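Peer 1: Below you will find the structure I want to go over with you.
Chains as they are written, first to last, in my numbering: chain A, 14 to 491; chain B, 14 to 491.
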């Protein structure tokens, strides 16, 4: 793994950054700020033709003046300067680079010539690089984030490789809301030197990466992709969002990353052959990858549904059947055990619906345990994680009349939440939750922070569960 | 409209509430708190067998003691007491009720007998009621919210009628995040007296309701539904989520609201015949209804895509084609106008991708105007609304080095946002935005507060736009 060309890019002891200045409107400057603010522990060498210092760091006039051979160079400079700077870096002995600058193959014939030129320079000096026209990489556990977007939430176990920089960086607020964390994330841009397949190979070997998310506009070497992906999916799941299979998608891909895309059915076949799970939206891509990263695989497709709301119960049940999951009627024995804990208005056959019921311990602890203990159940979907969001709203409204004592309520039900988040490991079965509140709710945040996926709607939870089942079926066919 | 039995339920001058007490763990008490906290302007008469006052209001021992005939009675009491209380209310002259209590048809044969009993009592006294087994109603502009969930965001123009109480109340945090507002919302529960079709008739006539969202587990009188829905959809759009069309969905519906559901294809036909747009998730249900409530209908399916990120541009394009929308290449003339405003790395044929570009005025004002002026364009999808969320994150990270001056940036681009939100009205064309931040971002909140839909992912925006196109096609066939 340490020999893989991406290893040094993702674990550099020193970074030379070309294009950062003291001008805050420049992308290079913002990248350096994030590298500094993210507490990158290695050495940083800004390269700038005029400045003495850049954001307080000593600056160097050119790559030739670097005091040591930097492990990694990052270039965010005008397109026309890229070949010369890359050559100078090569002369100084630098062998790994990320080329952020755009204006290459994606803009047409002239850009293609320029791209061929940098590929040739890299070949001569033995440089391996990401880009051009990419956004860089993020390795949260290594405190490496030289992109234009700050990484503010906790590291995770999703390895991402993307032909879109936005889906590595601007997507971060979305990911943070479900506490979906990267192990490492790589934007490949035009993939002129290192491409998606290299990332797949690398992330496949990375021990911190438990699942891989791919955003694909086109694949250059389909056979290589199948070879590598087939090997990786025998050990860890890959979820892919492919957007080049329609006329408009293909056209947009070409002008975005210069990608040659192929017809949809061809990619369907390619994914099937490689054991890759296909998603159709960026939300699904990351939510499914996160479910894979956090949960054990189900042994079958028999789902239990548990909630205190009939609407979500029915939505979950309907969505399960639509996605090929079963919601079997529980055995009389299991029904009997459940029924003892329910009010008279509750349903107990599956879905289990507590109806209006304030005791969260029954919902979050007792019932899930009884249900998951049963060998007929392969996984659990629970809608209705709810803590402070409801009580705080109510407190605000009720203030003139009464004090709604949330802190007292919280003390009672949070121990049940502790038990709840341990369910997947305890029973080796997947559990996915949903809630209409996000992390402003303390119960939602609690669950998410402990790596139990909690998504925004019942249907999203079902889709993620169905992806787990799909991959489990692929693995069991081996 | 004022003659419709639901009118008085939604506009009561006085409410008798049976089941509220001074015990905060009781649902009736929470309902009264919300009625008070929501600043309901009418008179409130708590009915309680022992208490002298309930939450500071004078309480009455029984319906018979009511000092006037209340416009509406709300019952949240044990199942077995419902018939007697309903009778007493009838004796006192009360003619409108909401029966929250469950334990009727949805629990089996005994419950069915009880339900028949209250239907008969209502017939005798001429009472029209919602429920049983429902959650009540919300009429934000009338300050009427006697449910267990506070309504904290601004009123809107979506009329909701639902066989799930959760999808009227617990869904509120979700709706608030996209500033999706109700005109009026009605939970019908078992629909023993007033049912979904009555709601449809009523909301169809309500002038503040611009679009209707229906959550359906089953329909009792399909012919009545078709008759009323067909008439309503000639004037305003109806979006429906039907969840009873699968085996598990049907079973869950039966135990939730005692509904008799029918096969999926039958409901497909029923919706088609009535001009109803079918959604498959609760997110889509409300997001589409909100788009309908806010935007003009497109004249055709030719979409323009505008963004500063290539990934979302390609996702939008691909999703458009998958949903039957076109992303035509712009005319040379339009391309020329757009190109003048882009950096060299930008794409201008459609999708339009600015790439990294800090001038929000170009993205939010100049380009949308040029594009929407063009007669070949029927609607606009814009990804990348972004204001404070990015800058505040960056400020936090960059603090030790520099002060990132967001307030200065904001002054420059907010005037462009003003122009942006006026686009749909100015050009009589729909515009739907997407962003990976929610309302913690001031630009997202700004747009949403002015009724320009801004959803959480590119694919969600496309789905809503496709729903608009589908309904526009239905309307144009007349």
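Beta carbons are placed, not taken as given, at the ideal position from N, Cα and C, and that holds for glycine.
Since the model is a prediction, treat every value here as computed from it, not as a measurement.
1) In this structure, does DSSP put residue 334 of chain B in helix, strand or coil?
2) Taking C-beta to C-beta, are residue 478 of chain B and residue 429 of chain B nearer than 8 angstroms?
3) Select from B:277, B:216, B:207, B:224 the residue whose C-alpha is nearest the C-alpha of residue 230 of chain B.
4) Kindly indicate which three-state DSSP category residue 138 of chain A falls into: helix, strand or coil?
5) Need the endpoints of the alpha helix (DSSP H) that residue 59 of chain A sits in, please.
6) What are the residues in the segment 67-101 of chain B lying within 7 angstroms of chain A by C-beta distance?
7) If contacts are defined as beta-carbon pairs under 8 angstroms, then residue 48 of chain B and residue 158 of chain B qualify, I think. What distance do you get, rounded to the angstrom?
8) What's the call for residue 413 of chain A, buried or exposed, on a 16-neighbour Cβ count within 10 Å?
9) Between residue 44 of chain B and residue 115 of chain B, is the Cβ-Cβ spacing less than 8 angstroms?
10) In chain order, which alpha helix (DSSP H) runs of at least 4 residues are fully inside the segment 313-369 of chain B?
11) With 9 angstroms as the C-beta to C-beta threshold (strictly closer), list the residues of the segment 288-302 of chain B near chain A in chain order.
12) Is the CB-CB distance between residue 461 of chain A and residue 191 of chain A below 8 angstroms?
13) Determine, using beta carbons only, whether residue 225 of chain B and residue 302 of chain B come nearer to each other than 8 angstroms.
14) Would you check if there are 3 or more beta carbon pairs closer than 8 angstroms linking the segment 345-358 of chain B to the segment 199-210 of chain A?
15) Flag this pair as yes or no: are the beta carbons of residue 449 of chain A and residue 449 of chain B separated by less than 8 angstroms?
16) Name the DSSP bridge partner or partners of residue 71 of chain A?
17) Kindly list the residues whose CB is nearer than 6 angstroms to the CB of residue 438 of chain A, restricted to its own chain and excluding five residues on each side of it in sequence; keep chain order.
18) Closer than 7 angstroms, Cβ to any Cβ of chain B: which residues of the segment 324-343 of chain A, in chain order?
19) At a Cβ threshold of 8 angstroms, is residue 469 of chain A touching chain B?
20) Just the chain E side, please: which residues come within less than 7 angstroms of residue 411 of chain A by C-beta, in chain order?
21) Going by DSSP, which residues form a beta bridge with residue 27 of chain A?
22) Run down chain B in chain order and give the residues with a C-beta less than 9 angstroms from the C-beta of residue 357 of chain A.
23) Given a threshold of 16 other Cβ atoms within 10 Å of its Cβ, counted over all protein chains shown, does residue 416 of chain A qualify as buried or as exposed?
24) Check for me: the alpha helix (DSSP H) holding residue 43 of chain A runs from which residue to which?
25) Give the single residue among A:441, A:252, A:265 whose Cα lies nearest to the Cα of residue 364 of chain B.
26) Is the segment 169-187 of chain A touching the segment 135-143 of chain A, taking contact as three or more C-beta pairs under 8 angstroms?
27) What separation, rounded to the nearest whole angstrom, lies between the Cα atoms of residue 25 of chain A and residue 322 of chain B?
28) With three or more C-beta pairs closer than 8 angstroms as the rule, is the segment 431-446 of chain B touching the segment 68-87 of chain A?
29) Taking only beta-carbon positions, decide if residue 261 of chain B is within less than 8 angstroms of chain A.
30) Measure how close the beta-carbons of residue 289 of chain B and residue 263 of chain B come, nearest whole angstrom, since I'm counting them as under 8 angstroms.
31) What is the rounded straight-line gap between the Cα of residue 93 of chain B and the Cα of residue 258 of chain A?
32) Just to confirm, are residue 338 of chain B and residue 362 of chain B a CB contact at a threshold of 8 angstroms?
33) If the cut is a Cβ gap below 8 angstroms, which residues of chain A does residue 449 of chain B touch?
34) Residues of chain B with a CB under 7 angstroms from the CB of residue 208 of chain A: which are they?
35) Quick check on residue 381 of chain B: buried or exposed, where buried means 16 or more other Cβ atoms within 10 Å of its Cβ?
36) Write down the C-beta distance between residue 29 of chain B and residue 107 of chain B rounded to the nearest angstrom, noting that I regard them as a contact closer than 8 angstroms.
Peer 2: Quick answer:
1) helix
2) no
3) B:277
4) helix
5) Premise fails: residue 59 of chain A lies in the beta strand (DSSP E), 56-60, not in any alpha helix (DSSP H).
6) 68, 69
7) 7 angstroms
8) exposed
9) no
10) 323-335, 345-352
11) 293, 294, 295, 296, 297
12) yes
13) yes
14) no
15) no
16) A:66
17) none
18) 324, 325, 326, 327, 328, 330, 331, 333, 334, 335, 340
19) yes
20) The structure shown contains no chain E; its protein chains are A and B.
21) A:56
22) 92, 115, 116, 120
23) exposed
24) 40-50
25) A:265
26) no
27) 28 angstroms
28) no
29) yes
30) The pair is not a contact, with the Cβ atoms about 20 angstroms apart (cut-off 8 angstroms).
31) 60 angstroms
32) no
33) 183, 184, 185, 186, 187
34) Per Cβ cutoff of 7 angstroms: no residues; residue 208 of chain A is ~16 angstroms from chain B at best.
35) buried
36) 7 angstroms
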